[in-house]
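Number of protein chains: 2
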Amino acid sequence: MSARETITNYLARRAEEVNHWLDIFLPSEASPPEKLHRAMRYSLLAGGKRLRPALVLASGEALGAKTEELMPAACAIEMIHTYSLIHDDLPAMDNDDLRRGRPTCHKTFGEAVAILAGDALLTLAFRVLARDLSLPNPERQVLVINEFAAAAGTSNGMIGGQMADIENEGMQVDARTLEQIHNCKTGALISASVAVGGIIAGASDEMVERLRAYGKRIGLAFQIADDILDVTSTSEQLGKTPGKDQAANKATYPAIIGLEASEARARELVDEAVELASGLGVDARVLEDLARFIIARKS
Amino acid sequence: MSARETITNYLARRAEEVNHWLDIFLPSEASPPEKLHRAMRYSLLAGGKRLRPALVLASGEALGAKTEELMPAACAIEMIHTYSLIHDDLPAMDNDDLRRGRPTCHKTFGEAVAILAGDALLTLAFRVLARDLSLPNPERQVLVINEFAAAAGTSNGMIGGQMADIENEGMQVDARTLEQIHNCKTGALISASVAVGGIIAGASDEMVERLRAYGKRIGLAFQIADDILDVTSTSEQLGKTPGKDQAANKATYPAIIGLEASEARARELVDEAVELASGLGVDARVLEDLARFIIARKS
Chain A
0 MSARETITNY LARRAEEVNH WLDIFLPSEA SPPEKLHRAM RYSLLAGGKR LRPALVLASG
60 EALGAKTEEL MPAACAIEMI HTYSLIHDDL PAMDNDDLRR GRPTCHKTFG EAVAILAGDA
120 LLTLAFRVLA RDLSLPNPER QVLVINEFAA AAGTSNGMIG GQMADIENEG MQVDARTLEQ
180 IHNCKTGALI SASVAVGGII AGASDEMVER LRAYGKRIGL AFQIADDILD VTSTSEQLGK
240 TPGKDQAANK ATYPAIIGLE ASEARARELV DEAVELASGL GVDARVLEDL ARFIIARKS
Chain V
0 MSARETITNY LARRAEEVNH WLDIFLPSEA SPPEKLHRAM RYSLLAGGKR LRPALVLASG
60 EALGAKTEEL MPAACAIEMI HTYSLIHDDL PAMDNDDLRR GRPTCHKTFG EAVAILAGDA
120 LLTLAFRVLA RDLSLPNPER QVLVINEFAA AAGTSNGMIG GQMADIENEG MQVDARTLEQ
180 IHNCKTGALI SASVAVGGII AGASDEMVER LRAYGKRIGL AFQIADDILD VTSTSEQLGK
240 TPGKDQAANK ATYPAIIGLE ASEARARELV DEAVELASGL GVDARVLEDL ARFIIARKS
């Protein structure tokens with residue numbers, strides 16, 4: 000990032016790079032099974048901020064890794080994130096019609112194809128991580144796969160958070176439980192994205208731990224900001240149906256501790272994250288700006 | 000396998016070993032999210048022949064790998080296989096009520112949990128393959144992950160076969176198309192199981208290619224035998240609903256080329272597989288017997 004580039008421009012620039020590579024990693028719509036490949040591309044190339052890939056790139060580059068070494072992991076984490084959105088939107092789950100500003104995968108391609116498209120994106124993520132061209136160092140490659148598989152899994156991972164979310168629907172939960180759910184559902188993948196940048200760069204365990212701590216804070220801040228946006232935004236701004244959390248009786252920060260306290264908590268987390276980043280001992284301005292962006296964004 | 004052990008005994012013995020390790024790799028039902036872990040264990044520990052794990056073990060051991068080096072891959076491939084069964088059984092897919100002799104995952108735990116349990120098993124498979132304890136050689140570990148991810152994927156992989164299966168439902172397909180579907184849907188994972196044994200053992204590319212060719216033949220023979228059993232067996236023997244393929248208007252070998260020609264084709268494939276195994280230049284009696292077992296089995 001040059002001295003005068005804003006974080007919004009930075010994100011837009013990295014998103015373009017990531018989209019270029021996603022297009023390369025995705026199977027062509029012209030190769031069978033065509034309809035399934037179309038569904039995968041429809042959901043994965045539908046836009047989105049590409050925050051997780053940007054975190055992999057920003058963290059890895061701050062610690063000295065080359066962009067081309069980071070790109071497979073950056074693309075893989077976006078595939079994992081997108082598969083989880085496709086499955087979450089299914090009728091048996093959140094039953095959502097709108098995602099990233101257009102009809103959800105199952106609305107466009109049907110439920111069976113949406114289930115398989117999600118499965119296929121999750122599988123492709125690990126394929127991309129295990130391709131021979133991905134990293135010069137196979138040991139780090141294994142560590143990256145382990146990190147992402149753990150973060151996407153059940154115990155303290157994304158699927159665990161989704162399950163807890165479903166189980167607590169309509170229940171009275173306290174702020175602590177909600178924080179745990181959010182840490183799993185959103186925090187785990189975000190935190191893993193930051194950690195993986197460090198792993199690929201060959202950072203020390205202590206450094207990777209600091210990156211994880213930074214990631215955990217911005218992950219939670221991100222989810223609190225999401226909860227706030229769900230209350231305060233329009234469908235056009237969000238690209239998905241707003242007010243769904245309330246309608247589904249889902250626990251949210253504003254509902255439990257109020258809007259003002261939610262905003263204060265998010266600010267506090269971002270401050271902590273900025274401090275963790277600035278203490279890395281390298282030029283981590285992008286990570287600091289990304290942390291601040293988390294609560295400044297409008298969608 | 001000792002000289003006097005039958006292949007049925009061999010399979011039962013290996014299944015017991017594999018079940019022991021699956022139990023260790025699976026998260027406990029006592030750790031949250033408990034219900035999800037219960038669903039994963041319900042489907043994965045429901046019995047089953049453990050054919051794919053046995054192929055990993057038999058192939059790897061024939062080429063000199065140690066059992067403990069092979070066990071993570073043996074367990075991972077069974078997790079991938081089981082996830083695919085859970086998702087295939089969903090109402091939006093094959094809508095099946097019975098699997099491995101008991102109610103399907105979504106019948107017992109509901110659709111949302113079944114979707115997540117499948118996702119979680121696929122994710123756990125890659126976690127198990129990337130755990131530090133899994134292999135002394137990280138390069139081979141990456142190759143194994145690549146092999147399984149490709150076999151479970153869309154292009155010429157399991158998900159691709161499942162998609163083609165759905166798309167061709169009720170359509171008139173010829174024997175050639177059916178063979179392609181079967182090669183993807185069942186053959187890819189079986190073939191990868193055999194190849195991975197060789198990869199872990201450090202076999203040459205040529206040797207791994209021969210293992211893949213063997214696996215491709217028994218994979219197709221296995222699916223033809225499955226089609227035959229679907230016509231000739233009872234629900235009690237199968238542990239799943241028989242006659243479902245016909246009822247769903249699915250293309251099967253007996254329906255397209257007749258029962259006798261199907262049996263002849265399966266025998267031919269098994270003969271070719273036995274020849275490929277015996278030409279490996281090592282003691283491959285187990286692989287030969289496993290090939291023969293494929294068409295001799297009753298469930």
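Chains A and V, in that order, give the protein sequences. Numbering that gives the first Met the number 0 puts the first residue of the first sequence at 0, with every later residue one more than the last. Numbering that gives the first Met the number 0 puts the first residue of the second sequence at 0, with every later residue one more than the last. Think of the CB as a built atom: it goes at the ideal place given N, C-alpha and C, for glycine as much as any other residue. Every value quoted in this text rests on a predicted model; they were computed, and no experiment measured them.
From this set, the options, which residue's C-alpha is nearest residue i's C-alpha?
| i | options | result |
| --- | --- | --- |
| A/S27 | A/L43, A/H80, A/G280, A/E15 | A/L43 |
| A/L54 | A/Y213, A/D270, A/R296, A/D226 | A/Y213 |
| A/E271 | A/A260, A/R216, A/G280, A/D226 | A/R216 |
| A/D229 | A/T251, A/E208, A/G218 | A/T251 |
| A/I23 | A/T5, A/M70, A/A11, A/G47 | A/M70 |
| A/A75 | V/K34, V/A265, V/A148 | V/A148 |
| V/C183 | V/L219, V/I198, V/G100 | V/L219 |
| A/L35 | A/T5, A/L10, A/H181, A/D118 | A/D118 |
| V/H86 | V/K106, V/E67, V/G59 | V/K106 |
| V/T176 | V/K249, V/L123, V/R126 | V/K249 |
| V/L279 | V/S58, V/R40, V/E138, V/A263 | V/S58 |
| V/Q141 | V/A111, V/M170, V/V195, V/I255 | Inspection of the sequence shows that residue 141 of chain V is occupied by Val rather than by Gln. Taking only the C-alpha atoms, the option nearest V/V141 is V/V195. |
| V/Y82 | V/E68, V/L97, V/A113 | V/A113 |
| A/E77 | A/E178, A/A111, A/L21 | A/L21 |
| A/S232 | A/R296, A/L123, A/I144, A/L62 | A/R296 |
| A/L128 | A/M170, A/H181, A/E67, A/A276 | A/E67 |
| A/T185 | A/I6, A/G169, A/Q161, A/A11 | A/Q161 |
| A/S154 | V/L62, V/L123, V/V273 | V/L123 |
| V/F221 | V/I256, V/M206, V/I294 | V/I294 |
| V/E15 | V/A45, V/V273, V/R266 | V/A45 |
| V/M206 | V/A276, V/V17, V/R291, V/A290 | V/A276 |
| V/L62 | V/V285, V/L268, V/R291, V/A11 | V/V285 |
| V/I255 | V/V172, V/E274, V/V193, V/R211 | V/V172 |
| V/V143 | V/G169, V/L97, V/S192 | V/S192 |
| A/E208 | A/E146, A/E178, A/N167 | A/E146 |
Name the DSSP bridge partner or partners of residue i?
| i | result |
| --- | --- |
| V/T98 | Contrary to the premise, residue 98 of chain V reads as Arg rather than Thr in this sequence. Beta-bridge pairing links V/R98 to V/R101. |
Please tell me whether residue i and residue j are closer than 7 Å, where the distance is taken between their beta carbons.
| i | j | result |
| --- | --- | --- |
| V/M157 | V/L121 | no |
| A/A200 | A/A64 | yes |
| V/A151 | V/I79 | yes |
| V/A73 | V/L56 | yes |
| A/S190 | A/I223 | no |
| A/G159 | V/P32 | yes |
| A/T103 | A/D95 | yes |
| V/A38 | V/A91 | no |
| A/G47 | A/R99 | yes |
| V/I198 | V/R126 | no |
| A/P253 | A/D288 | no |
| V/I180 | V/A202 | no |
| V/R13 | V/L25 | no |
| V/A111 | A/I165 | yes |
Where does the unbroken alpha helix (DSSP H) through residue i begin, and where does it stop?
| i | result |
| --- | --- |
| V/Q179 | 174-181 |
| A/R130 | Where A/R130 is concerned, there is no enclosing alpha helix (DSSP H), given that its DSSP letter is neither H nor E. |
| A/S42 | 33-43 |
| A/R296 | Where A/R296 is concerned, there is no enclosing alpha helix (DSSP H), given that its DSSP letter is neither H nor E. |
| V/Q140 | 137-150 |
| V/A187 | 187-199 |
| A/P52 | 50-61 |
| A/L10 | 6-24 |
| V/A72 | 66-87 |
| A/G159 | 157-166 |
| A/T231 | 204-231 |
| A/E262 | 258-277 |
Sorry if obvious, but does the Cβ on residue i come closer than 6 Å to a heavy atom of the ligand PLP?
| i | result |
| --- | --- |
| V/E67 | The model on display carries no ligand, and the ligand PLP is accordingly not part of it. |
Within 7 Å of any Cβ in chain B, is that where the Cβ of residue i sits?
| i | result |
| --- | --- |
| V/I114 | Absent from the structure is chain B; the protein chains it does hold are A and V. |
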